[in-house]
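Residue numbers (numbering that gives the first Met the number 0), protein chains in the order written: chain A, 0 to 133; chain B, 0 to 133.
Every residue, glycine too, gets a C-beta built ideally from N, C-alpha and C.
Since the structure comes first, as structure tokens, the remarks are kept for the end.
Number of protein chains: 2
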Amino acid sequence: MQDAFIDALVQSAFQVTSVLTRIGAENDLSLTQLRVLGILRDRRPRVTELAAHLGLEKSSVSGLVDRAEQRGLMAREKNSEDRRAVDVFLTPAGRELAVRLFSEVRTALGPTLGALGTERQIRLIELLEPTLDV
Amino acid sequence: MQDAFIDALVQSAFQVTSVLTRIGAENDLSLTQLRVLGILRDRRPRVTELAAHLGLEKSSVSGLVDRAEQRGLMAREKNSEDRRAVDVFLTPAGRELAVRLFSEVRTALGPTLGALGTERQIRLIELLEPTLDV
DNA sequence: TATTGTTATACTCTATAACTATA
DNA sequence: TATAGTTATAGAGTATAACAATA
């Protein structure tokens, strides 16, 4: 029973991930780049904070931001209070892309799961909530 | 409302993925290698089938199996009916590792989610099931 | 001294294209 | 001809270690 529960959760995770990966790939973005786009929508973290969020080393994030910066999606700016730190944020182009892609995510996941019906959705959120404390 | 639902589902997916990635990394396995280990527990697919399952190109799977084979976790064997095809399966060592790691996954995800209580778990599976048709 | 970020290096993952063997 | 798999190649993602700038 416990096992069936965990399998269902893992399968559901792979399925959601696969949708996100596909939408990213269609726009030449890795899953990680897509995540960064999502994170930066309402934040302006320094490199170390971003790395902690993603569970990556800061050197890996340096590379990620390098490539996104070359594509004009993100930018860096020295933090004015601590001049060792570098803030990362979306350019207007990056923000546009983020908005568009997350609308695609809703479109892709919505119908599949919309079949649940609003009432079931509410119950699902209630059930998932305790698992969301990171 | 719909948005909150989708955010919860995506966050839950990232969280599950992060647990799987950590357990894999602690054993020098990528998330993909861990997935393959899981798939091969009860299957003996040919390379093309495995690629379809993972959503990867067959050349990528060739490399994955190469590296797992070098570590003694998987093995290849020519299919006797279609001699173009190659079956992939776990070695005894691979099977042992798979059993151990998936027990770790249950241990890691169980308590977090065990807090839900058995009754909520049953309801959650019922809710997730419609999303599991791949 | 400690922290922040970058760079150098090496390996894995992945896709595309070209190839071999079999159907 | 078409399909199954491998190999060659190239780029992204990642970690570790060494480094420069700032605290």
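Coil, strand or helix - residue i by DSSP
{"i": "aspartate 65 of chain B", "result": "helix"}
{"i": "arginine 21 of chain B", "result": "helix"}
{"i": "leucine 53 of chain B", "result": "helix"}
{"i": "aspartate 81 of chain A", "result": "coil"}
{"i": "aspartate 27 of chain B", "result": "coil"}
{"i": "leucine 96 of chain A", "result": "helix"}
{"i": "leucine 108 of chain B", "result": "helix"}
{"i": "leucine 89 of chain A", "result": "strand"}
Among the options, nearest to residue i - alpha-carbon criterion
{"i": "threonine 31 of chain A", "options": "B/Asp86, B/Gly54, B/Ser17", "result": "B/Ser17"}
{"i": "aspartate 41 of chain B", "options": "B/Glu68, B/Ala97, B/Ala24", "result": "B/Ala97"}
{"i": "arginine 105 of chain A", "options": "A/Val15, A/Val9, A/Asp2", "result": "A/Val15"}
{"i": "valine 35 of chain A", "options": "A/Phe13, A/Gly93, A/Ala12", "result": "A/Gly93"}
{"i": "threonine 47 of chain B", "options": "B/Asp6, B/Ala107, B/Val87, B/Gln69", "result": "B/Val87"}
{"i": "glutamate 27 of chain A", "options": "A/Leu72, A/Leu108, A/Arg43", "result": "For clarity, residue 27 of chain A is aspartate in the given sequence; the question names glutamate instead. Comparing Cα-Cα distances from aspartate 27 of chain A to each of A/Leu72, A/Leu108, A/Arg43, the minimum goes to A/Leu72."}
{"i": "valine 64 of chain B", "options": "B/Leu39, B/Phe101, B/Glu25", "result": "B/Leu39"}
{"i": "glutamate 68 of chain B", "options": "B/Thr90, B/Leu55, B/Ala51, B/Asp2", "result": "B/Thr90"}
Local Cβ density within 10 Å of residue i, reported as buried at 16 or more and exposed below that
{"i": "arginine 66 of chain A", "result": "exposed"}
{"i": "arginine 45 of chain A", "result": "buried"}
{"i": "serine 11 of chain B", "result": "buried"}
{"i": "glycine 23 of chain A", "result": "buried"}
{"i": "alanine 7 of chain B", "result": "buried"}
{"i": "aspartate 132 of chain A", "result": "Per-residue confidence for aspartate 132 of chain A stands at a pLDDT of 41, beneath the threshold of 50, marking its modelled position as unreliable; the derived number appears in the next sentence. Exposed."}
First through last residue of the alpha helix (DSSP H) which encompasses residue i
{"i": "arginine 34 of chain A", "result": "30–39"}
Query raised in the report: At a Cβ cut of 9 Å, what residues of the stretch 73–99 of chain B count as close to chain A, listed as they run along the chain?
Result: Of all residues in the stretch 73–99 of chain B, none has a Cβ within less than 9 Å of some Cβ in chain A.
Query raised in the report: What residues from the stretch 32–56 of chain A come within 9 Å of chain B, judged by C-beta to C-beta, listed N to C?
Result: So the close ones are Arg34, Gly37, Gly54.
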